[in-house]
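For reference, each letter of the sequence shown is one residue, going -24 to -1, 1 to 679 in mature numbering (1 follows the signal peptide of the UniProt record, and there is no 0).
For glycine and all other residues, C-beta sits at the position ideal for the given N, C-alpha and C.
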Amino acid sequence: MAATPWLLLLCLSLAAGGVLHARAQPDSNGFISIDCGLQGEEGYVDTATKLSYYPDTGFTDGAGTCRNISADYITPSLCKCLYTVRSFPAGARNCYTLRSLVPGLKYLIRAKFMYGNYDALRRPPVFDLHIGVNHWHTVNISKPHVEKSVEALVVVPDDFVQVCLINTGAGTPFISSLELRPLKKTLYPQVTVAQGLLLSERSNFGQIDGNNVIRYPDDTHDRIWTPLVSSGTYTEVSTTSKVIPDSLFEVPTTVMQTAMRPRNVSSGISLSWDPEPQPNNPSPGYIIIMHFSELEFLLFNVTREFSINLDNEPWHPDNVTPKYLYGAAIYNSVPSRKSRYDISIIPTARSTQPPIINAIETYTVVTTTKLGTDSLDVSAIMAIKVKYQVHKNWFGDPCGPETVMVWDRLTCSYATARPPRIIRLDLSLRGLNGDISSSFTNLKAIQYLNLSNNNLVGSIPDALSQLTSLTVLDLSHNQLNGAIPSRLLKRVEDGSLNLRYGNNRDLCANDNSCRLATKRKSNLAIYIAVPVVVSMIVVIVVVVLLCSLRWKRQGSMNNSVEPQNEATTSYVSGNNAHRDSFSLHQLESRRFTYEELKMITNNFQRVLGQGGFGYVYDGFLEDGTQVAVKLRSHSSSQGFKEFLAEAHILTRIHHKNLVTMTGYCKDGEYMALVYEYMSEGTLHEHLEGSKHNGGCLSWRQRL
């Protein structure tokens, strides 16, 4: 399903498990109430609304800092939800993700802010709010004690939505509380997928007590109705009878039970305000909703009828006669744009009663035409983020707003009237651990995927071959194993894919080479242990020959016979006169060039093992003979003389349980030994015995 403007993205990994996961769920009313910056694991019940508020730990992906406002600004009437804030000193964009929503439903989203000098700087900030990739409001906190509430009515097409705080360079963004309330699809017909409403004012007329704010539970949708006390030219009207609400707005009975009217029968009601332009909306369009209900039982010869004008022009085409104890709403569907708003409610000529008004709501229009990233791409990249714990800059929508806040190491494509798609992803050198996530295969538009130089293990998912747009796949320098999927290799052969997979020691080019590698794996211990065994043999031979030579010298002094094999043992006897006389040119083996070794090992593609001398590589001679090539590493602690010692031993000592040297390489700075490939079982099997090798080595054989 393609993303829509309000689709947002974050699949969070909740650190505290079940407790925070439960907090991320709406309550029985579908409400989510978050006290931002509240520390600890437990929430509380608000005394006024009886709604439960919870800490915001599980909603911000670990971003932000919890702070307390100054005690100087805490009063008995202050909502507890304003005592703390979460500030975001790092990052250009930080987001709250609200999940487990009903796709396609309308929601009221309300954010509250009270600076309260929490940072002791006495400099309230200015920053932006976004819902998804669309600008919501510029928050400008004028004074530390000011409580600011920002409320929007939006359609959320998916099961989650994201509210983001944007640092504009005018101070550190912060937030005090965040609330989400579901609305019926039939409410507020002006709210669509392409257009939301930003609350400007919601007033309740006719209340005698000006401090009595009406919200939940009186308003089941938890809208906040602020009392507007009448001036001296108006009087209050009220009833205790139930008022039936209209179906488009469902204004609560407690609001509709009060109203105001002029004291003079012939007078009208005047309402006026100036528009509130925003940096991103310098000429806001207004939606005006006026609520009316007749609260007095009028006799047959008594009439209340009035017209509604905006700037002295008819705003509603028909005259209005409120119905007794039934709510009705008069509203505009198309936003009105004016430099000033002057509304006049005027009695008609046949009216015997002054006009009446119960409540009013005014909203500015929030355009939501910017599209969020494709939902499948969002789900995939969020799963990748969670699996590999990628945090840098990965907040909010991956691809938007375009050119402004696209995630690092990610490139998107943008098309008119279509959601952005992720086409490039470079996660090289990011320390990724584990296997290759199947979520990569859900990035259907990906063209370039670089996962090189990480610690990825396991096999290559065959489903990667189904990414038809993928042209470059770099998996080199990891620890992958198994066979490369045949369908990937087929795409390499037909030229549609550039596949890089070098430096994965256990990765096979095909199934046949994988079966051979499986057989070799059982012999891997021999390739690693043979140099160690050979070195031990060298030490033993040296000790034996030294003792023998010493005995012979003593025998010579006592007229003993000079040993006939002295010349052949002079290299290992420790005699300095002959110690360095041996050279590689004396070896009775083939000498290879470094380029020949590259051809034999297919450019040193497959590693059989590693020892102190260097890596051991698999190779094949031109006649098909399989060999092992031991290449001296430049960082090896073994020097040239040790290299010669091993070469000499493998050349001169022949034993059925030791490898036979095939050749060597001394080409400039490159030194290598080429010896036969061992296929008769592991060293462990030969030392301890196995049914596969016919018994273990005796101590005589071992020595």
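C-alpha distance - residue i paired with residue j, whole-angstrom precision
| i | j | result |
| --- | --- | --- |
| Gly600 | Gly348 | 58 Å |
| Ala115 | Ser53 | The question names Ala, yet the displayed sequence has Val at residue 115. Those two C-alpha atoms are separated by around 23 Å. |
| Gln171 | Arg313 | 16 Å |
| Ser428 | Arg86 | 44 Å |
| His106 | Met381 | 12 Å |
| Asn409 | Asn430 | 7 Å |
| Pro165 | Ile220 | 19 Å |
| Pro374 | Ile460 | 30 Å |
| Ala39 | Thr216 | 49 Å |
| Glu618 | Phe589 | 9 Å |
| Phe276 | Thr328 | 11 Å |
| Val366 | Ala359 | 10 Å |
| Phe580 | Asp470 | 25 Å |
| Pro133 | Leu204 | 35 Å |
| Trp249 | His267 | 18 Å |
| Ala501 | Gly587 | Unreliable placement is indicated for Ala501, whose pLDDT of 48 sits below 50; the coordinate value is still reported in the next sentence. Taking the straight line from one Cα to the other gives about 11 Å. |
| Val131 | Asp350 | 17 Å |
| Asn480 | His453 | 6 Å |
| Asn93 | Thr51 | 14 Å |
| Asn578 | Leu451 | 19 Å |
| Thr447 | Leu475 | 8 Å |
| Thr635 | Glu598 | The sequence shown places Val at residue 635, not Thr. If you take the alpha carbons of Val635 and Glu598, they lie about 20 Å apart. |
| Ser214 | Thr297 | 17 Å |
Three-state secondary structure assigned by DSSP to residue i
| i | result |
| --- | --- |
| Met381 | coil |
| Ile332 | coil |
| Phe35 | helix |
| Arg43 | strand |
| Met232 | helix |
| Leu(-5) | With a pLDDT of 37 at Leu(-5), under the threshold of 50, the modelled position of that residue is not reliable, and the figure given next carries that caveat. Leu(-5): helix per DSSP, three-state reduction. |
| Gln442 | helix |
| Ala305 | strand |
| Cys55 | coil |
| Ser153 | strand |
| Leu(-15) | Reliability of the predicted coordinates at Leu(-15) is poor, the pLDDT of 32 falling under 50, and no value is obtained from them. |
| Leu620 | helix |
| Leu492 | Interpretation of Leu492 is limited by its pLDDT of 49, a score under 50 that renders its predicted location unreliable; the figure taken from the coordinates is listed afterwards. In the structure shown, Leu492 sits in a helix (DSSP, three-state: H, G or I). |
| Asp318 | strand |
| Asn430 | coil |
| Ile184 | coil |
| Asp373 | coil |
| Phe416 | helix |
| Ile245 | strand |
| Asp450 | strand |
Segment limits, alpha helix (DSSP H) that includes residue i
| i | result |
| --- | --- |
| Glu18 | Unbroken run through Glu18: none, as it is neither H nor E. |
| Lys363 | 351 to 364 |
| Leu224 | Unbroken run through Leu224: none, as it is neither H nor E. |
| Lys124 | Run containing Lys124: none in the alpha helix (DSSP H); it sits in the beta strand (DSSP E), 123 to 132. |
Residue i at chain D interface by Cβ criterion, 8 Å
| i | result |
| --- | --- |
| Pro203 | The structure shown contains no chain D; it holds only a single protein chain. |
Host beta strand (DSSP E) of residue i (start-end)
| i | result |
| --- | --- |
| Met90 | 81 to 90 |
| Ile571 | Note that residue 571 is Glu in the sequence shown, not Ile. Not the beta strand (DSSP E): Glu571 falls in the alpha helix (DSSP H), residues 570 to 576. |
| residue 681 | With the chain covering -24 to 679 only, the question about residue 681 has no answer from this structure. |
| Arg467 | Segment 462 to 469 is the alpha helix (DSSP H) holding Arg467; no beta strand (DSSP E) there. |
| Arg608 | 602 to 608 |
| Pro193 | Where Pro193 is concerned, there is no enclosing beta strand (DSSP E), given that its DSSP letter is neither H nor E. |
| Asp287 | It is not in any beta strand (DSSP E) - Asp287 carries neither H nor E in the DSSP assignment. |
| Gly585 | 583 to 586 |
| residue 756 | Coverage of the chain is limited to positions -24 through 679, which leaves residue 756 absent and any answer about it impossible. |
| Gln455 | 455 to 459 |
| Glu652 | 646 to 652 |
| Gln138 | 136 to 146 |
| Glu212 | 210 to 214 |
Nearest-angstrom Cβ-Cβ length linking residue i and residue j, presumed shorter than 8 Å
| i | j | result |
| --- | --- | --- |
| Phe136 | Leu84 | About 16 Å separates the two Cβ atoms, so there is no contact after all. |
| Leu573 | Lys606 | About 10 Å; that fails the 8 Å criterion. |
| Ser315 | Glu155 | Contact flag wrong, Cβ pair sits at about 33 Å. |
| Leu456 | Gly434 | 7 Å |
| Ile436 | Glu337 | About 58 Å separates the two Cβ atoms, so there is no contact after all. |
| Ile184 | Arg191 | That belief does not hold up - the Cβ atoms of Ile184 and Arg191 are roughly 18 Å apart, past 8 Å. |
Counting beta carbon pairs with one atom in the segment 305 to 313 and one in the segment 232 to 240, are three or more of them shorter than 8 Å?
Remark: fewer than three beta-carbon pairs, one from each stretch, lie closer than 8 Å, so the segment 232 to 240 and the segment 305 to 313 are not flagged as touching.
So, do the segment 245 to 264 and the segment 327 to 347 have three or more beta carbon pairs nearer to each other than 8 Å?
Yes, the segment 245 to 264 touches the segment 327 to 347.
Does the count of Cβ pairs from the segment 276 to 289 and the segment 316 to 323 closer than 8 Å reach three?
By the Cβ rule, the segment 276 to 289 counts as touching the segment 316 to 323, because three or more pairs are nearer than 8 Å.
Examine the Cβ distances between the segment 380 to 394 and the segment 435 to 442 and report whether three or more of them are shorter than 8 Å.
Verdict: no, contact absent.
Decide if the segment 4 to 18 is in contact with the segment 29 to 44; the criterion is three or more beta carbon pairs, one per stretch, under 8 Å apart.
Cβ pair count under 8 Å is three or more, so yes.
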